[in-house]
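**Student:** Per the working numbering, the sequence shown starts with residue 273, numbered consecutively. Before I ask anything, here is the structure I am working with.
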Amino acid sequence: MLFDELVKENIRDFYDRRREVELLKNGILECRRIILILGIRRIGKSSLIKVTLNHNKIPYIYIDVRSIYRQYNYISSYAIHYALESALNRLSKSSFWSKLLDYLKNIRGVSVMGVEVRFSESPQKITVIMPQLFNALNDWASDNKSKIALVFDEAQYLRYSKINFRSIIAYIYDNLPYITVVLSGSEVGLLHDFLRVNDPRSELYGRYMYEIVLKRFNREQSIDFLYKGFQEYGIEPPTDIIEEAASAFGGIVGWLVYFGRLSIDKGLSREVIIETFIKGSKLVKEELSKLYKRSPRYRYVLEAIAQGNTTWSSIKKYITARELKPIYDSALYEILLTLEKMGIIEKVLEKDEIKYKIVDPVLQYAVMH
Ligand SMILES: Nc1ncnc2c1ncn2[C@@H]1O[C@H](COP(=O)(O)OP(=O)(O)OP(=O)(O)O)[C@@H](O)[C@H]1O
Ligand SMILES: [Mg+2]
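What follows is the structure, encoded as structure tokens:
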């Protein structure tokens with residue numbers, strides 16, 4: 273069902289994005305070394321990855337780095353140890369598992385118990401296990417004329433790990449051609465904060481990365497998505513409400529799904545659009561409050577933009593009025609850059625002038641209420 277709120281796993285529930293599915297599939301089958309899935313929050317990055325890999329029966333190891341970070345507030349060896357172990361065991365449902373076990377059982381620190389794999393060394397040893405594990409996966413894929421994807425969803429959080437994942441990825445890039453590393457995240461955050469693609473000191477400097485960018489749905493797609501979603505429940509929705517909803521949620525599929533889901537549960541009406549904003553902004557406010565704790569200036573900048581002060585000078589003026597003293601350009605630059613890296617704001621060029629916009633209309637609502 274299109275309005276299922278979980279990360280989509282099945283292509284039947286996944287609207288459009290056929291081009292991106294093809295690009296990702298071909299990228300892996302053609303042994304591209306690193307594939308980046310870029311896009312703002314709730315745009316469908318995780319769904320694209322899972323749907324593509326499941327649909328094409330490509331074996332994969334999937335690690336949700338953001339959820340580890342949320343659980344522990346940093347990325348410990350312990351967390352990686354267990355995430356990798358359980359991601360590996362998820363392959364046990366596949367037909368090739370017993371063959372793969374033959375490759376895994378030769379690794380020191382990995383024990384095979386029945387049909388399950390356990391990392392028997394202490395979590396601190398995960399850095400010793402990882403290269404051997406990836407070598408074994410690569411050998412298995414090579415011998416079986418298969419490919420395997422190693423997915424780090426929201427990979428920018430890997431920078432909170434003491435383990436140097438850039439060097440592990442560089443090792444895979446250089447030595448293990450049957451493994452494709454798939455990394456998702458917001459463009460600026462992933463490329464610059466974690467991968468540091470422009471930094472000659474980065475282990476990944478100069479490596480080629482194949483980018484797949486998920487764009488927001490345009491108005492027609494949003495409308496079509498909502499019609500199709502309601503039709504799955506036998507509902508013929510009124511055109512005016514659908515058009516209003518399509519405009520309101522800025523082509524962000526996560527909110528269209530939320531609106532659809534809520535309408536199915538409560539009955540479709542114009543009020544549900546408002547309710548989606550109210551409920552959605554509660555979710556968003558949790559994320560915002562963490563940011564505001566770092567500095568109230570994040571709040572001021574977002575408030576400024578939400579109220580229409582979208583140029584550098586007008587944002588600066590707004591903050592100066594709030595703080596009763598001028599803010600240094602370098603400090604404002606840092607704040608704007610961080611917000612951009614998090615995919616919360618974007619720069620757009622309008623009539624030769626750079627303007628800052630809040631990407632997500634629900635987040636904009638949350639800032640103002
Ligand atoms: N093409 C699609 N068709 C139908 N539903 C979709 C599609 N893409 C995403 N969704 C839905 O939108 C919501 C957000 O999707 P998903 O979690 O994959 O996005 P994301 O970019 O990974 O978001 P986040 O930043 O929260 O991790 C989910 O409810 C998912 O089911
Ligand atoms: Mg996701």
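C-beta: ideal position from N, C-alpha, C; glycine also. Keep in mind the model is a prediction, meaning the values are calculated, not measured.
1. How far does the alpha helix (DSSP H) with A421 in it extend, from its first residue to its last?
2. To the nearest whole angstrom, what separates the beta carbons of G461 and R488, a pair I think is in contact under 8 angstroms?
3. Need the endpoints of the beta strand (DSSP E) that L621 sits in, please.
4. Kindly indicate which residue of K551, A518 and V453 has the alpha-carbon position closest to the one of V423.
5. Does the beta-carbon of S318, which I'm using as the reference point, lie nearer than 7 angstroms to any heavy atom of ligand 2?
6. With a threshold of 7 angstroms (Cβ to nearest heavy atom), would F521 be considered close to ligand 4?
7. Determine, using beta-carbon pairs with one atom in the segment 541–558 and one in the segment 611–618, whether at least three such pairs fall under 8 angstroms.
8. Have a look at the DSSP bridge pairing and note the partners of T452.
9. Bridge partners for I306 per DSSP, in chain order?
10. So, under 8 angstroms CB-CB, L278 and T324 are touching, yes? Tell me the CB distance rounded to an integer number of Å.
11. Would you decide whether I385 is buried or exposed? Buried here means 16 or more other CB atoms lie within 10 Å of its CB.
12. Keeping to the same chain, check which residues put their C-beta closer than 7 angstroms to that of G552; ignore five residues upstream and five downstream.
13. Would you say A359 and I333 are within 8 angstroms of each other, going by their C-beta atoms?
14. Is the segment 393–409 close to the segment 428–440, with three or more CB pairs under 8 angstroms?
15. Please report the residue range of the alpha helix (DSSP H) in which V639 lies.
16. Does any residue of chain B have a CB that is nearer than 8 angstroms to the CB of L476?
17. Any chance you could list the beta strand (DSSP E) runs of at least 3 consecutive residues sitting entirely within the segment 437–497, in chain order?
18. With a threshold of 6 angstroms on Cβ separation, who are the neighbours of V485 within its own chain once the five nearest residues in sequence on each side are excluded?
19. What three-state label does DSSP hand S339 in the structure shown?
20. Evaluate the contact criterion for the segment 618–629 versus the segment 582–590: three or more CB pairs, one atom per stretch, below 8 angstroms.
21. Cβ of S458 within 8 angstroms of Cβ of D425?
22. Measuring CB to CB, does L376 end up less than 8 angstroms from V389?
23. In its own chain, which residues sit with a C-beta less than 6 angstroms from the C-beta of Y505, not counting the 5 before and 5 after it?
24. Whole angstroms are fine: how far does the CA of I616 sit from the CA of I607?
25. Using 10 angstroms around the beta-carbon of Q428, count the other beta-carbons present and answer buried if the total reaches 16, otherwise exposed.
26. Let's test the definition: count the other Cβ atoms within 10 Å of the Cβ of G478 and tell me whether it reaches 16, buried, or not, exposed.
27. Please report the straight-line C-alpha distance between A638 and K554, rounded to a whole angstrom.
28. Using 8 angstroms for Cβ pairs, my map puts D632 next to R313. What's the rounded Cβ distance?
**Tutor:** Quick look at the numbers:
1. Counting along the chain, A421 sits inside no alpha helix (DSSP H); it lies in the beta strand (DSSP E) bounded by residues I420 to D425.
2. The pair is not a contact, with the Cβ atoms about 18 angstroms apart (cut-off 8 angstroms).
3. Here the beta strand (DSSP E) through L621 covers I617 to E622.
4. Checking every option, the nearest Cα to that of V423 belongs to V453.
5. The answer is yes for S318.
6. What this structure holds is ligand 1 and ligand 2, not ligand 4.
7. Taking a cut-off of 8 angstroms for Cβ pairs, the segment 541–558 and the segment 611–618 do not touch, as fewer than three such pairs fall below it.
8. Checking the DSSP bridge columns, you'll see T452 partnered with A421.
9. DSSP, once it has assigned bridges, lists V453 as partnering I306.
10. Under the criterion of beta carbons closer than 8 angstroms, L278 and T324 do not qualify as touching, at roughly 16 angstroms.
11. Here the sequence assigns Met to residue 385, which means Ile is not the residue at that position. Its Cβ having fewer than 16 others within 10 Å, M385 is exposed.
12. If the five residues before and after G552 are omitted, its C-beta is found closer than 7 angstroms to the C-beta atoms of W527, Y530 and V634, all from its own chain and listed in chain order.
13. Contact flag set, yes.
14. Touching, yes, given that three or more Cβ pairs across the two stretches are closer than 8 angstroms.
15. That run of the alpha helix (DSSP H) goes P633 to M640.
16. No chain B is part of this structure, which consists of one protein chain only.
17. Along the segment 437–497, the beta strand (DSSP E) occurs as fully enclosed runs of 3 or more residues at 451–457 and 482–485, listed in sequence order.
18. L310.
19. In this structure, S339 counts as helix in the three-state DSSP scheme.
20. Yes, since at least three Cβ pairs between the segment 618–629 and the segment 582–590 fall closer than 8 angstroms, the two stretches touch.
21. Cβ distance not < 8 angstroms, so S458 and D425 don't count as in contact.
22. At the C-beta level, L376 and V389 come within 8 angstroms of one another.
23. Its chain contains I536 as the residues whose beta carbon lies nearer than 6 angstroms to that of Y505, once the 5 sequence neighbours on both sides are disregarded; these appear in chain order.
24. A direct Cα-to-Cα measurement between I607 and I616 gives close to 11 angstroms.
25. Buried is the call here.
26. Flag for G478 reads exposed.
27. Taken atom to atom, the span from the alpha-carbon of A638 to that of K554 is near 7 angstroms.
28. Correct: roughly 7 angstroms between the Cβ atoms.
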